[in-house]
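S.K.: Mapping of the sequence shown onto numbering that gives the first Met the number 0: residues 0 to 241, in sequence order.
Ideal placement from N, C-alpha and C gives every residue a C-beta, glycine not left out.
The structure follows.
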Amino acid sequence: MRVKRRKHAKKILSFYHNAFRLREPYQVLVDGTFTQAALQTKINIKEQLPKYLDGSVLLVTTRCILAEAKEIGSRLHGALLILERYQCRKCGHQRGDKLVPAAECIKSLVGLNNEHHYIIASQDQELKGGLRQISGVPLLHITHNAIMLENPTPLSRQKAEETLALKTAPSSHEKETLDKLAKLLPKERGRIASGRIQKRKIARGPNPLSVKKKKAIVAEGMKLTKKKTRRRKRKTNDLSKT
Ligand SMILES: [Zn+2]
């Protein structure tokens with residue numbers, strides 16, 4: 000079960016790595032609801048998260064998240080003690096008493112395209128519902144006494160496909176060269192203009208593993224013929240002596 004969970008995480012992380020350039024150390028932005036759930040399920044975030052994500056992790060929080068946990072009071076006291084050990088990110092709400100609710104603060108840090116590559120660790124369904132409307136935001140939550148990385152949203156998958164299409168499309172310079180080539184080789188025009196110059200298929204031999212036996216037979220056959228030729232030579236030698 001544990002291996003399955005990690006494989007699942009690896010697959011999702013590799014998706015975010017390829018499509019949204021998510022890199023180590025993973026910046027995990029943690030809120031009070033997540034730390035509280037971790038406490039209740041006896042999960043040590045600092046120990047278990049790097050194992051689950053199979054990479055280095057930087058646990059971060061904000062003044063707004065801390066302030067909200069403090070405001071809730073004794074119910075989140077344990078969670079607050081954990082959060083206070085994490086790196087506090089500047090969220091821009093610090094000046095004066097302009098602190099905002101944790102969910103609002105997280106949304107503002109993620110912005111329109113999560114350019115700082117945050118992974119959001121929260122149990123706040125409403126917040127996560129909002130974050131699913133933005134592509135490229137990995138979401139972590141605790142379920143069945145374990146940390147889980149959510150599957151990428153259809154929006155993230157669509158964005159990833161668009162990025163891939165842009166990457167594989169010929170650049171303006173490449174297109175120019177292809178156009179020039181198309182003019183030089185009228186026969187190839189259709190194929191070149193479409194940007195798909197197919198390589199000639201090289202006829203490959205059968206799988207070497209499947210012909211191993213045959214080789215052995217051939218080798219044996221060769222031995223036999225060699226013996227035969229030797230005999231013949233001897234015979235000829237004998238004849239020359241006589
Ligand atoms: Zn803030």
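1) What does the Cβ neighbour count give for G135, buried or exposed, with the cut at 16 atoms within 10 Å?
2) Nearest CA to the CA of L65: which residue from P151, K89, R20, I42?
3) Compare the Cα-Cα distances from P100 to each of S155, P207, D30 and report the closest residue.
4) Just to confirm the assignment, what range does the alpha helix (DSSP H) spanning H16 have?
5) With C87 as the anchor, note down where its beta strand (DSSP E) starts and where it stops.
6) Where does T34 land, buried or exposed, given buried means 16+ other C-beta within 10 angstroms?
7) Let me know the alpha helix (DSSP H) ranges lying completely inside the region 88-125, each 4 residues or longer, listed in chain order.
8) Note the first and the last residue of the continuous alpha helix (DSSP H) segment covering I146.
9) What did DSSP end up calling Q26 once you bin it into helix, strand or coil?
10) Near L108, which residues of its chain fall below 8 Å by C-beta distance, leaving aside the five closest residues on each side in sequence?
11) Taking 6 Å as the cut-off, does the CB of H92 come closer than this to any heavy atom belonging to ligand 1?
12) Please return the same chain residues whose Cβ sits closer than 6 Å to the Cβ of P151, not counting the five positions on each side in sequence.
13) Can we count T280 as close to ligand 1, meaning its CB is less than 6 Å from some heavy atom?
14) If we count Cβ pairs, one from each stretch, closer than 8 Å, do we get three or more for the region 154-165 versus the region 5-23?
15) Under 8 Å: do the region 165-185 and the region 34-48 share three or more Cβ pairs, one atom per stretch?
16) For ligand 1, I want to know if C87 counts as a neighbour, meaning its beta carbon is within less than 6 Å of at least one of the ligand's heavy atoms.
17) Under 7 Å, do V56 and Y85 count as touching if we go by C-beta distance?
18) Under 6 Å from any heavy atom of ligand 1, does the C-beta of T176 make it?
19) Keeping to the same chain, check which residues put their C-beta closer than 7 Å to that of A68; ignore five residues upstream and five downstream.
20) Looking at the secondary structure, which residues open and close the beta strand (DSSP E) in which T287 lies?
M.R.: This is what the structure holds:
1) Sequence index remark: in the sequence shown, residue 135 carries index 136 (1-based). So G135 counts as buried.
2) Locating residue 65 in the sequence shown gives position 66, counting from the first residue. It is K89.
3) Translated into the one-based positions of the sequence shown, residue 100 becomes position 101. Nearest option by C-alpha distance: D30.
4) What you label residue 16 is simply residue 17 of the sequence shown in a count that begins at 1. Segment 1-19, the alpha helix (DSSP H) holding H16.
5) The residue given as residue 87 occupies position 88 in the sequence shown. Unbroken beta strand (DSSP E) run through C87: 86-88.
6) On the sequence shown, position 35 is the one that residue 34 refers to. Burial call: buried.
7) Listed in chain order, they are 101-109.
8) Working through the sequence shown from its first residue, we reach residue 146 at position 147. Note, I146: premise wrong, no alpha helix (DSSP H); beta strand (DSSP E) at 145-148.
9) For the purposes of this step, residue 26 is identified with residue 27 of the sequence shown, where counting begins at 1. Q26 falls in the strand class under three-state DSSP.
10) Counted from its first residue, the sequence shown places residue 108 at position 109. The answer, listed in chain order, is L28, T61, R88, C90, H115, Y117.
11) Stepping through the sequence shown from its first residue, residue 92 is reached at position 93. Yes, since a heavy atom of ligand 1 falls inside the 6 Å radius drawn around the Cβ of H92.
12) Here residue 151 refers to the residue found at position 152 of the sequence shown. For P151, where only same-chain residues beyond five positions count, the Cβ hits under 6 Å are F14.
13) Residue 280 is absent from the structure shown; the chain starts at 0 and stops at 241.
14) yes
15) no
16) What you label residue 87 is simply residue 88 of the sequence shown in a count that begins at 1. Every heavy atom of ligand 1 is 6 Å or more from the Cβ of C87, so no.
17) Counted from its first residue, the sequence shown places residue 56 at position 57. Counted from its first residue, the sequence shown places residue 85 at position 86. No; because the gap between Cβ atoms is not below 7 Å, this pair is not in contact.
18) Within the sequence shown, numbered from 1, the residue matching residue 176 stands at position 177. T176: no, Cβ never under 6 Å from ligand 1.
19) Indexing the sequence shown from 1 puts residue 68 at position 69. Counting only Cβ-Cβ distances below 7 Å, and skipping sequence neighbours, we find G31, L75, A78, L79, L82.
20) Given a span of 0 to 241 for the chain in the structure shown, any question on residue 287 remains unanswerable.
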